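Novice: The sequence shown begins at 1 in my numbering and counts up one residue at a time.
Note that the Cβ used here is the ideal one computed from N, Cα and C, for glycine as well.
Nothing here was measured: the structure is a model prediction, and the numbers come from that model.
Dumping the structure here so I can ask a few things about it.
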Amino acid sequence: MDSSSSQSEFDYLFKLLMIGDSGVGKSSLLLCFTSDSFEDLSPTIGVDFKVKYVDAGGKKLKLAIWDTVYDVTRRETFTNLSDIWAKEIDLYSTNQDCIRMLVGNKVDKESDRVVTKKEGINFAREYGCLFIECSAKTRVNVQQCFEELVLKNCEKTTTPTSGNAFAASYDPVSPAERDASAVLSRRVSEALELLEKGRELQALGDFTKALDYFTLVVENYKEFAFSDYARVGRALALYEVGDREEAIAEMEDVSISLKGYPEVHAALAAVLYADKHAPLLAENQFSIATLLDPHYTDLSYVKETKHWPPSLVSSLQHFITLS
């Protein structure tokens, strides 16, 4: 609905934010809930935003749609919940009592599942989240996902409105918080744009220019946890066109901050074997990588999908062949 609609048309305003790795289906879930349709959308850069009006408990609610979403077929998207996204919420949330829900998407791809439902339940218990698995494609549990969030928010809102006058004046976000949020959102968008540009150049094989973009993110946006992904890109590019010792040091460092991210463990395995002549350490890193994502045993995957530089592909081939 148009944002110019009178606030007297609703009793409560609930603001929900969906977060998670690129490609897990956040935009598809949002579209499925707000318009009863499904599209296999390309990754969104920045923030996707929609509004939906629902009735609950005799009250009219306006949802300006914090879900945490992961893809049950991609292990790294689940690992990054605790390594990155939970930290982002704790660091930047203006409401420490916000209701959180963990959502496992793409259950329609059961044969490709790598994250079990039990793992999702255990994570939700540890972080105090609601939990549900769903599919934006088949619509399984999509409606229930958002309805449960709405009901929990309604239960939390124990003080009723004193007519439409209060509802019209109520806004839980102060002007200062709104301004700070706008600045933060702008910086996030800038950083993501630079990160995606670096990845585009990496895919084109221009590792010199890719290095420049990844370095900009690392140096200017290091307050964001996702800048560690730029450090991975920077390390790969450095290995091809820069100082290999610096590249290896970067990989070793980021393998700690992004522990559980298979790409950095696979890359580190390759360089530890080829450059540092440390086969045992390399085997350990490669075991972590392939446990999380078996694709890293396939050289065509790192060349055509992950767009590794030729020198790093050669080092991985050397490791796989001789180990």
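CA-CA distance, Gly46 and Val188?
Specialist: Reading the sequence shown from its first residue, position 46 is the one you call residue 46. Reading the sequence shown from its first residue, position 188 is the one you call residue 188. For Gly46, the predicted structure reports a pLDDT of 36, less than 50, and the residue's modelled location is therefore unreliable. The matter cannot be settled from this model.
Novice: Give the straight-line distance between the Cα atoms of Thr208 and Thr116, rounded to the nearest whole angstrom.
Specialist: Reading the sequence shown from its first residue, position 208 is the one you call residue 208. Reading the sequence shown from its first residue, position 116 is the one you call residue 116. Roughly 40 Å between the two C-alpha positions.
Novice: Would Lys306 and Glu252 be called neighbours here (beta carbons separated by less than 8 Å)?
Specialist: Residue numbering aside, residue 306 sits at position 306 when the sequence shown is read from its first letter. Residue numbering aside, residue 252 sits at position 252 when the sequence shown is read from its first letter. No, these two residues do not count as a Cβ contact at 8 Å.
Novice: Taking Ala269 as the reference, which of Thr297, Cys129, Asn122 has the closest Cα?
Specialist: Stepping through the sequence shown from its first residue, residue 269 is reached at position 269. Residue Thr297 is the option with its Cα nearest to Ala269.
Novice: For Thr73, collect the residues of the same chain with a Cβ closer than 7 Å to its Cβ; drop the 5 residues on either side in sequence, then sort them by chain order.
Specialist: Numbered from its first residue, the sequence shown carries residue 73 at position 73. Counting only Cβ-Cβ distances below 7 Å, and skipping sequence neighbours, we find Lys106, Lys109, Asp112, Arg113, Val114.
Novice: What are the start and end residues of the beta strand (DSSP E) that includes Val271?
Specialist: Here residue 271 refers to the residue found at position 271 of the sequence shown. Segment 262–274 is the alpha helix (DSSP H) holding Val271; no beta strand (DSSP E) there.
Novice: Apart from the five residues just before and just after Ile121, which ones in its own chain have a Cβ nearer than 7 Å to its Cβ?
Specialist: Locating residue 121 in the sequence shown gives position 121, where the first residue counts as 1. Closer than 7 Å at Cβ, skipping near neighbours: Phe131.
Novice: By the 10 Å Cβ neighbour count, where 16 or more other Cβ atoms means buried, how is Gln144 classified, buried or exposed?
Specialist: As a working mapping, residue 144 is identified with position 144 in the sequence shown. Classification for Gln144: exposed.
Novice: Tell whether a beta-carbon distance below 8 Å holds between Met101 and Leu149.
Specialist: As a working note, residue 101 is residue 101 in the sequence shown. As a working note, residue 149 is residue 149 in the sequence shown. In contact: Met101 and Leu149 (Cβ atoms closer than 8 Å).
Novice: Between Ala191 and Val217, is the Cβ-Cβ spacing less than 8 Å?
Specialist: Position 191 of the sequence shown holds residue 191. Position 217 of the sequence shown holds residue 217. Yes, the Cβ-Cβ distance between Ala191 and Val217 is below 8 Å.
Novice: Counting C-beta neighbours from all protein chains within 10 Å, is the total for Gly128 16 or more, i.e. buried, or is it exposed?
Specialist: Locating residue 128 in the sequence shown gives position 128, counting from the first residue. Exposed, since its Cβ has fewer than 16 Cβ neighbours within 10 Å.
Novice: Cutting at 8 Å between CB atoms, please list the residues of its own chain near Ala203, excluding the five before and the five after it.
Specialist: Numbered from 1 along the sequence shown, position 203 holds the residue referred to as residue 203. His307, listed in sequence order.
Novice: Given this structure, state the Cα-to-Cα distance separating Tyr206 from Arg199, to the nearest angstrom.
Specialist: Residue numbering aside, residue 206 sits at position 206 when the sequence shown is read from its first letter. Residue numbering aside, residue 199 sits at position 199 when the sequence shown is read from its first letter. Looking at the sequence itself, residue 206 is Asp, so the reference to Tyr does not match. Going by the C-alpha atoms only, they are around 10 Å apart.
Novice: Could you name the residues that DSSP lists as bridge partners for Asn105?
Specialist: The residue labelled residue 105 in the question sits at position 105 within the sequence shown. Paired residue(s): Asp71.
Novice: Just how far apart, CA to CA, sit Ala282 and Arg125?
Specialist: Position 282 of the sequence shown, counted from the first residue, corresponds to residue 282. Position 125 of the sequence shown, counted from the first residue, corresponds to residue 125. Approximately 34 Å between the Cα atoms of the pair.
Novice: How far does the alpha helix (DSSP H) with Ile256 in it extend, from its first residue to its last?
Specialist: Your numbering for residue 256 matches position 256 in the sequence shown. Unbroken alpha helix (DSSP H) run through Ile256: 244–257.
Novice: How many Å lie between Val140 and Ala235 at the Cα?
Specialist: Working through the sequence shown from its first residue, we reach residue 140 at position 140. Working through the sequence shown from its first residue, we reach residue 235 at position 235. If I take the Cα positions, the gap works out to 40 Å.
Novice: Can you pull the DSSP bridge partners for Glu133?
Specialist: As a first step, residue 133 must be located in the sequence shown, where it is residue number 133. Partner(s): Gly104.
Novice: Which value, in whole angstroms, describes the spacing of the CA atoms of Arg75 and Pro175?
Specialist: Within the sequence shown, residue 75 is the residue found at index 75, counting from 1. Within the sequence shown, residue 175 is the residue found at index 175, counting from 1. One C-alpha to the other measures close to 39 Å.
Novice: Going by alpha carbons, who is nearest to Glu193 out of Ser227, Asp179, Ala180, Glu223?
Specialist: Taking the first residue of the sequence shown as 1, we reach residue 193 at position 193. Comparing Cα positions, the closest option is Ser227.
Novice: Kindly indicate which residue of Ile320, Gly242, Phe146, Ala230 has the alpha-carbon position closest to the one of Ala274.
Specialist: Counting from one through the sequence shown, the residue named residue 274 turns up at place 274. Checked all of Ile320, Gly242, Phe146, Ala230; the closest Cα to Ala274 is Ile320.
Novice: Can you tell me which of the three DSSP states Thr161 falls into?
Specialist: What you label residue 161 is simply residue 161 of the sequence shown in a count that begins at 1. Confidence at Thr161 is low in this model, with a pLDDT of 42, below 50, so its placement is unreliable and the value that follows should be read with caution. Three-state result, Thr161: coil.
Novice: Check whether the Cβ atoms of Gly242 and Asp83 sit closer than 8 Å, and answer yes or no.
Specialist: The sequence position of residue 242 within the sequence shown is 242, counting from 1. The sequence position of residue 83 within the sequence shown is 83, counting from 1. No. Outside cutoff.
Novice: Select from Glu245, Ile256, Asn220, Val183 the residue whose C-alpha is nearest the C-alpha of Lys276.
Specialist: To locate residue 276, count along the sequence shown from 1; it is residue 276. If we check each option's Cα against that of Lys276, Glu245 comes out closest.
Novice: Distance check for Glu147 and Ala249, CA to CA, integer angstroms please.
Specialist: Stepping through the sequence shown from its first residue, residue 249 is reached at position 249. Stepping through the sequence shown from its first residue, residue 147 is reached at position 147. If you take the alpha carbons of Ala249 and Glu147, they lie about 47 Å apart.
Novice: Secondary structure at Lys306, three-state DSSP: helix, strand or coil?
Specialist: Translated into the one-based positions of the sequence shown, residue 306 becomes position 306. Correct three-state label for Lys306: coil.
Novice: Who are the near neighbours of Asn284 in its chain, counting only those whose CB is closer than 7 Å to its CB and skipping five residues on each side?
Specialist: In the sequence shown, counting from the first residue as 1, residue 284 sits at position 284. Nothing listed; no residue qualifies.
Novice: Assign Lys60 to one of three DSSP states: helix, strand, or coil.
Specialist: Here residue 60 refers to the residue found at position 60 of the sequence shown. Strand.
Novice: Looking only at its chain, what residues have a beta carbon closer than 6 Å to the beta carbon of Ala210, apart from the 5 residues adjacent to it on each side?
Specialist: As a position in the sequence shown, residue 210 is number 210, starting the count at 1. Hits under 6 Å: Gly198, Leu201, Gln202, Ala237.
Novice: Which value, in whole angstroms, describes the spacing of the CA atoms of Ser314 and Ala289?
Specialist: In the sequence shown, counting from the first residue as 1, residue 314 sits at position 314. In the sequence shown, counting from the first residue as 1, residue 289 sits at position 289. Their Cα atoms are separated by approximately 17 Å.
Novice: If Tyr239 sits next to Pro310, beta carbons under 8 Å apart, how far is it from one beta carbon to the other, in whole angstroms?
Specialist: For the purposes of this step, residue 239 is taken as residue 239 along the sequence shown, with counting starting at 1. For the purposes of this step, residue 310 is taken as residue 310 along the sequence shown, with counting starting at 1. At roughly 10 Å, the Cβ-Cβ gap does not stay under 8 Å, so Tyr239 and Pro310 are not in contact.
Novice: To the nearest angstrom, how far is the alpha carbon of Pro294 from that of Tyr301?
Specialist: Locating residue 294 in the sequence shown gives position 294, where the first residue counts as 1. Locating residue 301 in the sequence shown gives position 301, where the first residue counts as 1. Whole-angstrom Cα-Cα distance: 10 Å.
Novice: With a threshold of 16 other CB atoms inside 10 Å of the CB of Ile256, please say whether the residue is buried or exposed.
Specialist: As a first step, residue 256 is located in the sequence shown; it is residue number 256 there, counting from the start. Result: exposed.
Novice: Can you tell which of Ala266, Val103, Val271 has the C-alpha that lies nearest to the C-alpha of Ser135?
Specialist: In the sequence shown, the residue the question calls residue 135 occupies position 135. It is Val103.
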